[in-house]
Amino acid sequence: MKKLQKHTIGKNIFHLFYSTALSSGLNAAALIILANYLQSYYYGMFSVALAFAMIMGYLTDAGLNSIVLREGSKKDVDLSILISSYLKVRIILLAVSFLCGFAIIHFTNAWNKEFILTSYFLIIPMVLGLTLQSIGTIFFQMIERMHYCGLIRIIASVCLVVTLSAGLIFNLNHLIICTLYGFSYLAAGAFGIYKVRQYVQIRMKSSFHKGLLRNIGSFSLGGLLFVILPHLGPLIIEKTLTLSEVGIFAVAYRIPQALQQIPFIIAGAYYPVLFRAYNNNQLEEHLHKNITLIKLMALAGITITVPLYAKSDAVIRLLFGEMWIDASFPLKILSLMVTLQAINIALADGLTTKGLQSYRTAIQAIAIITGILLYIQFSKSYGIAGAACAGAAIEGIALLGFWICNPNRWIIAKKALFPYLLFCAICICSIKLFTDSHYIIVFLFHFLLLVLVIFIDKEMKNMILDVMSRVLNKWRVKETQGG
């Protein structure tokens, strides 16, 4: 195996930031291409099939990603055996995922042969690609070389835009478009496996790493529930609303869902660090890192939420055009979900990395059950806007549960949770004063509020000043060496 040089948290966040920003931008472009090319009926059908594909794709993970990170953070672990064992289990889960997934699709949509055919064309290459991508990204996250994680995402997004653009140019039908969408993920997955093999040998006949099976039940259920939750909306409201209404909801939902990847950058960089701190019995360090993660995730979420909330109609017009303007109000409601989910991930990662995965799984199960009921009732009573309210409410319920289950709940509440939730509420309430103003005024006011809270929080202020100081010192050293 190659000699590894781990990057700092700051460098890993930087690599993840530019790659996620670029891939999210390209994915947004792909969604715009699809929304403008497909009618609302076919876009609704595609959105439901995509939800099945994402759930089946992550079902092949079954929570193993967290277990691999846990085992990889231990001393003297053989990464070749660990990754080879991981691949074997993923192959078995891939077969089970295909069998169960397509059985459910046939059972629930037997009357819609067109949807079933669309699902096959999209799901088979996409789920295989997601499986291979996941193996690559989790390996490079484990060894803390996040630039490769970003590169895999960028390749998938570039392939997505190129293939969909080609489909638009040649006026291909929606089945071929779905196939091209799936093969874009497969191409990035193949690249991910190629890069992993440059670092470790993957031997299918090697011994099995038994640590992968410890607590796998809780991690598997938790991983499945985590994947189902963001795709619950399209799957449920397909039964209560028309496919055209599902398409409008999907357009509103995809924007915050894509932008949520930005806060996840920070969580991805901290996740292996939190595991390492707890496994080395550094409990105070673990708590400190977890509180810092909550603050950073909350700030990232608020930065996204406020502009979306204030200018949801302008965002829809800019990205999708006037024909999708009905999605603007649901987007305003769903923008709140970005901040809530960002904080949820930080709280949940704190539980997982200190061996409390069962609590995380229980809260996710409660959120799923509650979410089904909320989506059914709210969408029936209030249509698309009700479905959006259900999505935001689910994240609020999950946040309360994750916080209650944390043994350090009051320290976390005092130092991070309550102050930043209050700040989010103040931002949203005050930004209403400027919703009819020019974009520059809204942006400047929002920026001033963020600067204010950063300088009020001494830890955040010192962290930012420390980063700026190190960057400045490096620049001075380079200038001196150059002279």
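First residue of the sequence shown? That's 2 in the numbering used here, and the numbers climb one at a time after it.
Ideal Cβ placement from N, Cα and C applies to all residues, glycine included.
Note that the structure is predicted; figures quoted are calculated from it, not measured.
* **Own chain partners of G302 with C-beta closer than 7 Å, once the 5 adjacent residues on each side are dropped** => P264, V339, T340, A343, I344
* With DSSP run on the structure shown, which of helix, strand or coil describes S91? -> Here residue 91 turns out to be Arg, not Ser, going by the sequence shown. In the structure shown, R91 sits in a helix (DSSP, three-state: H, G or I).
* Going by alpha carbons, who is nearest to Y186 out of L176, L173, Q142, G130? -> Checking every option, the nearest Cα to that of Y186 belongs to G130.
* Can L1 and P257 be called in contact, C-beta distance under 8 Å? -> Residue 1 cannot be examined here, being either before or after the span of the chain that is shown, 2 to 484.
* To do: Write down the C-beta distance between L152 and G168 rounded to the nearest angstrom, noting that I regard them as a contact closer than 8 Å.
  => Your pair L152 and G168 does not check out as a contact, with CB atoms roughly 25 Å apart and the cut at 8 Å.
* Looking at Y272 and K355, is the spacing between their C-beta atoms short of 8 Å? -> no
* Asked: What number of angstroms, rounded off, separates the C-alpha of V49 from the C-alpha of K462?
  -> Looking at the backbone, the Cα of V49 and that of K462 are separated by about 44 Å.
* Asked: Taking the continuous alpha helix (DSSP H) assigned at F171, which residues delimit it?
  -> Looking at the DSSP string, F171 is not in any alpha helix (DSSP H), and its letter there is neither H nor E.
* Who are the near neighbours of G513 in its chain, counting only those whose CB is closer than 7 Å to its CB and skipping five residues on each side? -> As displayed, the chain neither begins before 2 nor continues past 484, which places residue 513 out of reach and without an answer.
* DSSP three-state call for G484: helix, strand or coil? -> Note on G484: pLDDT 46, under 50, position unreliable in the model; the coordinate value appears next. In the structure shown, G484 sits in coil (DSSP, three-state: anything other than H, G, I, E or B).
* Mapping DSSP to helix, strand and coil, what is P408? -> coil
* Can you grab the Cα-Cα spacing for the pair T241 / Q262, in whole Å? => When rounded, the distance between both Cα atoms is 29 Å.
* **Candidates I405, F184, H107, N174: closest to T132 by CA position** => Considering only alpha carbons, the answer is F184.
* Following the continuous alpha helix (DSSP H) through D314, name the residue where it begins and the one where it ends. => 313–321
* Asked: Got a sec? Which residues, its chain only, sit under 7 Å from I295 by beta carbon, not counting five neighbours each side?
  -> Taken in chain order, the residues that qualify are I344, A347, L348, I413, A417, L418.
* What runs of the beta strand (DSSP E), each 3 residues or longer, lie entirely inside the region 180–261? -> none
* Whole-angstrom distance between G372 and G392, CA atom to CA atom -> 7 Å
* Report all residues from its chain with a CB closer than 7 Å to the CB of G212; omit the five preceding and five following residues, and keep chain order. => E72
* Collapsed DSSP secondary structure at T61 in the structure displayed -> Of the three classes helix, strand and coil, the one that applies to T61 here is coil, per DSSP.
* Asked: Looking only at C-alpha atoms, which of V307, K75, R361 sits nearest to I429?
  -> V307
* Consult DSSP for D458 and reduce its assignment to one of helix, strand or coil. => In the structure shown, D458 sits in coil (DSSP, three-state: anything other than H, G, I, E or B).
* **Cβ separation of G234 and A96, assumed to be a contact under 8 Å, to the nearest whole Å** => About 28 Å; that fails the 8 Å criterion.
* Can you tell me which of R146, L65, I178 puts its alpha carbon nearest to the alpha carbon of S120? => Checked all of R146, L65, I178; the closest Cα to S120 is I178.
* Should the region 189–197 be regarded as contacting the region 135–149, the criterion being three or more beta carbon pairs within less than 8 Å? -> yes
* Roughly how many angstroms lie between the CA atoms of G384 and P331, to the nearest whole one? -> 10 Å
* Do L27 and L161 have their CB atoms nearer than 8 Å? -> yes
* Mind pulling the alpha helix (DSSP H) runs of 4 or more residues that sit fully within the region 99–178? -> Uninterrupted alpha helix (DSSP H) stretches at least 4 residues long and entirely within the region 99–178 occur at 114–143, 147–170, given in chain order.
* To do: Please name the residue, chosen from L23, I68, S313, that lies closest to A157 on a Cα-to-Cα basis.
  => L23
* **Rounded separation between R91 and L352 - CA only** => The alpha-carbon separation between R91 and L352 amounts to approximately 25 Å.
* Asked: Where does Q283 sit, in a helix, a strand or coil, going by DSSP?
  -> coil
* To do: Look up L357 in the DSSP assignment and say whether it is helix, strand or coil.
  => Residue state, collapsed to three classes: coil.
* Is it buried or exposed for N110, if we count other Cβ within 10 angstroms and need 16 for buried? -> buried
* Hey, how far is the Cα of M2 from the Cα of I144? -> Low per-residue confidence applies at M2: pLDDT is 48, beneath 50, and the placement is therefore not dependable enough to give any value.
* **Under the three-state DSSP convention, the category K75 falls into** => coil
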